[in-house]
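Colleague:
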Amino acid sequence: MNVPRLAVATLSLLVAVAAGAAGAPAFKAGLFDPPRQAPDFSLQGTDGHELRMSRYHGKVVLLAFGYSSCTAVCPVTLATLAAARRELGPAASDVQVLYVTVDPERDDPARLEKFLHAFDATFVGGTGAPAALAAVRKDYGISAQKLVTPDGYSYSHSSFVYLIDRGGRIRALMPYGHSPGDFVNDLRLLLEE
Amino acid sequence: MRARSAALVTIAAVAGAALAWGGFAPIHAASRNQVFVIPKGTWARRMSGDKVEILPDHIRLTLGIRDILVLRNRDEVPQIFGPTLMMPGQSFSLPFAQASEYQFQCTAHLSGQMTIIVEPFPASPWARIRWRARELLSELSEPAESS
Numbered sequence: 001m002n003v004p005r006l007a008v009a010t011l012s013l014l015v016a017v018a019a020g021a022a023g024a025p026a027f028k029a030g031l032f033d034p035p036r037q038a039p040d041f042s043l044q045g046t047d048g049h050e051l052r053m054s055r056y057h058g059k060v061v062l063l064a065f066g067y068s069s070c071t072a073v074c075p076v077t078l079a080t081l082a083a084a085r086r087e088l089g090p091a092a093s094d095v096q097v098l099y100v101t102v103d104p105e106r107d108d109p110a111r112l113e114k115f116l117h118a119f120d121a122t123f124v125g126g127t128g129a130p131a132a133l134a135a136v137r138k139d140y141g142i143s144a145q146k147l148v149t150p151d152g153y154s155y156s157h158s159s160f161v162y163l164i165d166r167g168g169r170i171r172a173l174m175p176y177g178h179s180p181g182d183f184v185n186d187l188r189l190l191l192e193e
Numbered sequence: 001m002r003a004r005s006a007a008l009v010t011i012a013a014v015a016g017a018a019l020a021w022g023g024f025a026p027i028h029a030a031s032r033n034q035v036f037v038i039p040k041g042t043w044a045r046r047m048s049g050d051k052v053e054i055l056p057d058h059i060r061l062t063l064g065i066r067d068i069l070v071l072r073n074r075d076e077v078p079q080i081f082g083p084t085l086m087m088p089g090q091s092f093s094l095p096f097a098q099a100s101e102y103q104f105q106c107t108a109h110l111s112g113q114m115t116i117i118v119e120p121f122p123a124s125p126w127a128r129i130r131w132r133a134r135e136l137l138s139e140l141s142e143p144a145e146s147s
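Top line first, the protein sequences correspond to chains A and B.
Residue 107 in our numbering sits at position 107 of the first sequence, with consecutive numbering throughout.
Residue 27 in our numbering sits at position 27 of the second sequence, with consecutive numbering throughout.
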């Protein structure tokens with residue numbers, strides 16, 4: 001093989017590798033294929049407005065489920081999401097964190113707001129009638145099991161976070177335990193689309 | 001006597017070569033996906049009382065070789081499969097980047113839990129031999145789908 005041919009072959013290989021890499025952005029979260037439209041819902045928002053998923057079309061939404069008395073999972077998740085928003089800088093204005101309670105008995109809007117704002121004042125929570133919340137959980141495949149404890153009760157609940165794109169499609173699911181950097185990575189990918 | 005010695009030497013040489021290959025040959029995987037599929041008709045079978053097992057209780061993955069869990073719902077109804085709700089025809093690909101043991105809620109199991117064990121990349125020769133031996137045993141007992 002002569003030198004020009006070798007150069008062309010090498011260049012073609014590099015282009016192919018680059019194209020392959022570009023075709024598969026490296027999400028850290030689990031991806032859905034094809035993505036489905038995030039089911040809409042109507043709950044009481046902690047911001048004093050009706051909380052609907054459709055309100056946030058145009059933004060990238062991080063949707064999590066939990067409850068304000070959670071001592072193990074939720075504080076870690078919310079602190080991670082708050083850190084990710086800080087790390088994103090100005091781009092974070094296009095990211096909305098929504099947190100839907102699984103404990104309507106204790107989580108009224110005021111209590112939920114106080115809990116969420118301890119992490120980030122932009123977080124919006126949703127609560128409502130038990131039946132309405134159960135319907136939302138069913139639509140999103142969320143489990144929440146009430147457990148009686150010596151002090152009262154707690155919940156065992158799904159701990160992952162959904163990543164919903166600007167078009168309102170559920171694109172990915174980040175399991176519990178990922179770092180703020182992993183969220184930032186995936187949020188940047190979704191924001192750049 | 002001489003023929004027996006020659007046979008023993010040959011066996012030892014073959015075993016040595018196999019160990020050397022197993023320990024030093026680089027590991028190539030055609031795909032990093034470990035695929036599990038809910039076949040069409042699973043829900044109907046369950047409704048009729050058939051205890052259909054789709055996912056094993058424990059799934060073992062290896063970083064850098066097979067570290068993406070792929071779940072596919074080929075049934076005609078939504079399914080809670082692994083950690084999430086999947087619509088008919090939908091796939092879910094979950095990459096792992098850290099060696100650890102992961103617990104997921106999963107209604108596909110009687111225990112309600114699924115464990116995913118993610119092991120580090122087998123860097124040492126001995127680790128490669130163990131990995132290859134386990135893969136071979138796994139392939140012989142239950143061929144896994146990967147694509």
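Quick reminder that beta carbons are idealized off the backbone N, C-alpha and C, glycines included.
Where do the N-terminal and C-terminal ends of the beta strand (DSSP E) with GLY48/A fall, by residue?
Modeller: Here residue 48/A refers to the residue found at position 48 of the first sequence. Neither: GLY48/A is in no beta strand (DSSP E) and is coded neither H nor E.
Colleague: Using DSSP with H/G/I as helix, E/B as strand and the rest coil, what is VAL61/A?
Modeller: Residue numbering aside, residue 61/A sits at position 61 when the first sequence is read from its first letter. Note: VAL61/A maps to strand in three-state DSSP.
Colleague: Inspect the beta-carbon positions of PHE148/B and LEU63/B and report whether they are closer than 8 Å.
Modeller: Residue 148/B is absent from the model: chain B starts at 1 and stops at 147.
Colleague: Could you confirm whether any beta carbon from chain B is found closer than 8 Å to the beta carbon of LEU63/A?
Modeller: Here residue 63/A corresponds to residue number 63 of the first sequence, with the count starting at 1. LEU63/A is outside the set of residues whose beta carbon lies under 8 Å from a beta carbon in chain B.
Colleague: Taking LYS138/A as the reference, give the member of SER48/B, THR84/B, PRO122/B and SER124/B with the closest Cα.
Modeller: Taking the first sequence and counting its residues from 1, one reaches residue 138/A at position 138. THR84/B is the residue among SER48/B, THR84/B, PRO122/B and SER124/B whose C-alpha sits nearest the C-alpha of LYS138/A.
Colleague: Tell me, please, whether the region 46-63 of chain A touches the region 141-152 of chain A by the rule of three or more beta-carbon pairs shorter than 8 Å.
Modeller: no
Colleague: According to a CB-to-CB cut-off of less than 7 Å, which residues of the region 143-163 of chain A neighbour chain B?
Modeller: SER143, SER158 and PHE160
Colleague: When you compare each of ARG66/B, GLU139/B and PHE104/B to PRO120/B by their alpha carbons, which one comes out closest?
Modeller: The residue labelled residue 120/B in the question sits at position 120 within the second sequence. Cα-wise, what sits closest to PRO120/B is ARG66/B.
Colleague: Could you name each continuous beta strand (DSSP E) segment of 3 residues or more that falls completely within the region 80-147 of chain A, going from the start of the chain to the end?
Modeller: Taking only runs of at least 3 residues, the beta strand (DSSP E) segments lying wholly in the region 80-147 of chain A are 95-101 and 124-127.
Colleague: What residue range does the alpha helix (DSSP H) around ILE54/B cover?
Modeller: Within the second sequence, residue 54/B is the residue found at index 54, counting from 1. Per DSSP, ILE54/B belongs to no alpha helix (DSSP H) and is neither H nor E.
Colleague: Just curious, the beta strand (DSSP E) that PHE183/A is in, first and last residue?
Modeller: For the purposes of this step, residue 183/A is taken as the residue at position 183 of the first sequence. It is not in any beta strand (DSSP E) - PHE183/A instead sits in the alpha helix (DSSP H) that spans 180-191.
Colleague: Which partner residues does ILE164/A have in the DSSP bridge list?
Modeller: On the first sequence, position 164 is the one that residue 164/A refers to. Answer by DSSP bridge pairing, in chain order: VAL61/A and ILE170/A.
Colleague: How far does the beta strand (DSSP E) with THR62/B in it extend, from its first residue to its last?
Modeller: Taking the second sequence and counting its residues from 1, the one referred to as residue 62/B is at position 62. Looking at the DSSP string, the run of the beta strand (DSSP E) that includes THR62/B is 58-62.
Colleague: Which whole-angstrom value describes the C-beta separation of PHE41/A and VAL161/A, a residue pair presumed to lie in contact below a C-beta threshold of 8 Å?
Modeller: The residue you call residue 41/A lines up with position 41 of the first sequence. The residue you call residue 161/A lines up with position 161 of the first sequence. The pair is not a contact, with the Cβ atoms about 17 Å apart (cut-off 8 Å).
Colleague: List, in order along the chain, the chain A residues whose C-beta lies closer than 8 Å to that of PRO148/B?
Modeller: Residue 148/B lies beyond the stretch modelled for chain B, which goes from 1 to 147, so this question has no answer here.
Colleague: Does DSSP put SER31/B in a helix, in a strand, or in coil?
Modeller: Position 31 of the second sequence, counted from the first residue, corresponds to residue 31/B. Looking at SER31/B - three-state DSSP - the assignment turns out to be coil, as it is neither helix nor strand.
Colleague: Can the beta-carbon of LEU63/A be found closer than 8 Å to that of ALA132/A?
Modeller: The residue labelled residue 63/A in the question sits at position 63 within the first sequence. The residue labelled residue 132/A in the question sits at position 132 within the first sequence. In this structure, ALA132/A does not lie closer than 8 Å to LEU63/A by Cβ.
Colleague: Give me the residue from LEU190/A, HIS157/A and THR101/A with the minimum Cα distance to VAL73/A.
Modeller: As a working note, residue 73/A is residue 73 in the first sequence. Looking at the Cα atoms, HIS157/A is the closest of the given residues.
Colleague: With a cut-off of 8 Å, does the C-beta of LEU190/A fall near any C-beta of chain B?
Modeller: Numbered from its first residue, the first sequence carries residue 190/A at position 190. LEU190/A does not count as touching chain B.
Colleague: I need the boundaries of the alpha helix (DSSP H) containing THR84/B, first residue and last residue.
Modeller: Position 84 of the second sequence, counted from the start, is the residue given in the question as residue 84/B. Note, THR84/B: premise wrong, no alpha helix (DSSP H); beta strand (DSSP E) at 84-86.
Colleague: Considering just the uninterrupted stretch of the beta strand (DSSP E) at ARG72/B, what are its terminal residues?
Modeller: As a working mapping, residue 72/B is identified with position 72 in the second sequence. First-last of the beta strand (DSSP E) with ARG72/B: 68-73.
Colleague: Applying the 10 Å Cβ sphere with the 16-neighbour rule, what's the burial state of THR10/A?
Modeller: For this step, residue 10/A is matched to residue 10 along the first sequence. Because the pLDDT of THR10/A is 44, which lies under 50, any placement of that residue in the model is unreliable, and the number read from its coordinates should be weighed accordingly. By the 10 Å Cβ count, THR10/A comes out exposed.
Colleague: Tell me which same chain residues have a C-beta within less than 6 Å of the C-beta of GLY23/A, skipping the five on either side of it?
Modeller: On the first sequence, residue 23/A is found 23 positions in, with the first residue counted as 1. For GLY23/A, the pLDDT reaches just 45, beneath the cut-off of 50, and the residue's location in the model is therefore unreliable, leaving the point undetermined.
Colleague: So does the region 27-34 of chain A actually touch the region 80-100 of chain B, counting three or more Cβ pairs closer than 8 Å?
Modeller: yes
Colleague: Measure the C-alpha to C-alpha separation of ARG166/A and PRO130/A and round it to an integer number of angstroms.
Modeller: For the purposes of this step, residue 166/A is identified with residue 166 of the first sequence, where counting begins at 1. For the purposes of this step, residue 130/A is identified with residue 130 of the first sequence, where counting begins at 1. Distance between the alpha carbons of ARG166/A and PRO130/A is about 29 Å.
Colleague: Which partner residues does MET114/B have in the DSSP bridge list?
Modeller: The residue given as residue 114/B occupies position 114 in the second sequence. Under DSSP, the beta-bridge partners assigned to MET114/B are PHE104/B.
Colleague: Find out if the Cβ-Cβ distance for the pair GLN79/B, ARG36/A is shorter than 8 Å.
Modeller: The sequence position of residue 79/B within the second sequence is 79, counting from 1. The sequence position of residue 36/A within the first sequence is 36, counting from 1. Contact: no.
Colleague: For ALA172/A, count neighbouring C-beta atoms within 10 Å of its own C-beta (all shown protein chains included) and say buried if the count is 16 or more, exposed if not.
Modeller: As a working note, residue 172/A is residue 172 in the first sequence. So ALA172/A counts as buried.
Colleague: Ignore the nearest five residues each way along the sequence and tell me which others in TRP131/B's own chain have a CB closer than 6 Å to its CB.
Modeller: As a first step, residue 131/B must be located in the second sequence, where it is residue number 131. PRO122, listed in sequence order.
Colleague: My output table needs one value for ALA3/B: the three-state DSSP class, helix, strand or coil.
Modeller: As a working mapping, residue 3/B is identified with position 3 in the second sequence. In this structure, ALA3/B counts as helix in the three-state DSSP scheme.
Colleague: Are the CB atoms of ILE54/B and LEU69/B within a distance shorter than 8 Å?
Modeller: The count along the second sequence starts at 1 and reaches residue 69/B at position 69. The count along the second sequence starts at 1 and reaches residue 54/B at position 54. Against a cut-off of 8 Å, the Cβ pair of ILE54/B and LEU69/B comes out as no contact.
Colleague: Does the Cβ-Cβ distance between VAL100/A and PHE65/A come in under 8 Å?
Modeller: If you number the first sequence from 1, residue 100/A lands on position 100. If you number the first sequence from 1, residue 65/A lands on position 65. Yes. Within cutoff.
Colleague: Could you list which residues in chain A have their beta carbon closer than 8 Å to that of ALA29/B, in chain order?
Modeller: Here residue 29/B refers to the residue found at position 29 when the second sequence is read from its first residue. By Cβ distance, chain A contributes nothing, its closest Cβ being about 16 Å from ALA29/B, past 8 Å.
Colleague: How is the alpha helix (DSSP H) around PRO39/B delimited, first residue to last?
Modeller: The residue labelled residue 39/B in the question sits at position 39 within the second sequence. Bounds of any alpha helix (DSSP H) do not take in PRO39/B, whose DSSP letter is neither H nor E.
Colleague: What are the residues in the region 28-45 of chain A lying within 9 Å of chain B by C-beta distance?
Modeller: Within the region 28-45 of chain A, the qualifying residues are LYS28, ALA29, GLY30, LEU31, PHE32, ASP33, PRO34, PRO35 and ARG36.
Colleague: Quick check on the burial criterion: 16 or more other C-beta atoms within 10 angstroms. Buried or exposed for GLN145/A?
Modeller: As a first step, residue 145/A must be located in the first sequence, where it is residue number 145. GLN145/A should be labelled exposed.
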